[in-house]
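Colleague: The opening residue of the sequence shown carries number 1 in full-length UniProt numbering; numbering runs sequentially from there.
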Amino acid sequence: GAATHAICMGWSPSALSPAPWSGEEPPSPGDPAEWEEEYAVLCSENGWNPEIGADVVHFVHLVTNERGTAYCTSEQLEDLVSAVEEHQAGLRQRCPAARQE
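1. How many Å lie between Asp55 and Asn65 at the Cα?
2. Assuming the contact rule is C-beta atoms closer than 8 Å, Pro50 and Ala40 should be a hit. Round their C-beta distance to whole Å, please.
3. Between which two residues does the alpha helix (DSSP H) holding Ala54 run?
4. Within this structure, are the beta carbons of Leu80 and Ala70 separated by less than 8 Å?
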């Protein structure tokens, strides 16, 4: 679905804004209720607790399953890691509490 595609294309369902690693147009996100429904389906299909979401093992399976809806290439995953690291570095610079960790 759109949410799983968005995960690998660099779109945040909560922010509905492009991530710096994304070179593609976003999937049509619909309204927040549609995102919640998509997330609920994703959790149900994968046996995840919706309160927690995917743990590391489940996330790895989600993005490495070539037949799945959220398959990501190694390059997409590397870009994702780089973007998350950059985002975290920016947060540490802006938030004094985060710098102390």
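We put the beta carbon where it would ideally sit given N, CA and C, even for glycine.
Modeller: Inspection of the coordinates gives the following:
1. For the purposes of this step, residue 55 is taken as the residue at position 55 of the sequence shown. For the purposes of this step, residue 65 is taken as the residue at position 65 of the sequence shown. Straight-line Cα distance between these residues: approximately 15 Å.
2. Walking along the sequence shown from the start, residue 50 turns up at place 50. Walking along the sequence shown from the start, residue 40 turns up at place 40. At roughly 6 Å, the Cβ-Cβ gap stays under 8 Å, so Pro50 and Ala40 are in contact.
3. What you label residue 54 is simply residue 54 of the sequence shown in a count that begins at 1. Per DSSP, Ala54 lies in no alpha helix (DSSP H) segment and is marked neither H nor E.
4. Residue mapping note: residue 80 aligns to position 80 of the sequence shown, counting from 1. Residue mapping note: residue 70 aligns to position 70 of the sequence shown, counting from 1. For Leu80 and Ala70, no; Cβs fall outside 8 Å.
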